[in-house]
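Q: First the structure, which I've put down as structure tokens, then a few questions once you've had a look.
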Amino acid sequence: TVAIFLFAYSTMISWSYYGARSAAYLFGENRRVEMVYNLVFLSFTVIGCAMPLSSLINFSDAMIFLMAIPNVIGIYLLAPVVKEELAKFMAKIKAGEVKDHHHRA
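Residue numbering for the sequence shown follows my numbering, beginning at 40 and increasing consecutively.
See below:
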């Protein structure tokens, strides 16, 4: 029980912090943005405490799924860049510029 409480509490703190940093990045670093974000975060925290657990878990799962959508779009858009960087890296390996640390004698 103590471990679950500590995990939940630390998760709330870290998500609050990273959410605040994201809000500052998106809307600008000012006191008003911080206050609005904190108000929204705390409101959802109170609402989450009052909801039935099954509804809370379903909502949480839906929000995590929705966060995957921009990530998949980003992966798709950055795939050519990753392919290009991989080709450069493989060329360096073939040229002997990168040492293989996995096969030491």
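Just so you know, even glycine gets a beta-carbon here, dropped at the ideal spot from N, CA and C.
Keep in mind that this is a model prediction, so the values were computed, not measured.
For the alpha helix (DSSP H) holding Met229, just list the boundary residues, first then last.
A: The requested residue 229 is not part of the displayed model; the chain covers only 40 to 144.
Q: Just to confirm my understanding: we take Ala144, look at its own chain, exclude 5 residues before and 5 after, and list those with CB closer than 6 angstroms. What are they?
A: Any reading at Ala144 needs caution, since the residue's pLDDT is 46, under 50, leaving its predicted position unreliable; the model's value is listed next. Around Ala144: no qualifying Cβ.
Q: Using the Cα positions of Ser55 and Leu78, report the straight-line distance between them to the nearest angstrom.
A: Going from the Cα of Ser55 to the Cα of Leu78 covers about 11 angstroms.
Q: When you compare the CB positions of Phe6 and Ala59, do they come within less than 9 angstroms of one another, or not?
A: Because the chain in this structure spans residues 40 to 144, residue 6 falls outside the shown range and cannot be described.
Q: The alpha helix (DSSP H) that contains Gly58, what's its start and end?
A: Start and end: Val41 to Phe66.
Q: Taking the beta carbon of Tyr76 as the centre, do at least 16 other beta carbons fall within 10 Å, making it buried, or is it exposed?
A: Buried.
Q: Could you name the residues of the same chain whose beta carbon sits closer than 7 angstroms to that of Lys133, not counting the 5 residues immediately before and after it, in chain order?
A: Once the five neighbours on either side are set aside, Lys133 has no close Cβ partner at all.
Q: Suppose you measure from the CA of Glu68 to the CA of Tyr57; what does that come to, to the nearest Å?
A: In a straight line, the C-alpha of Glu68 is about 14 angstroms away from that of Tyr57.
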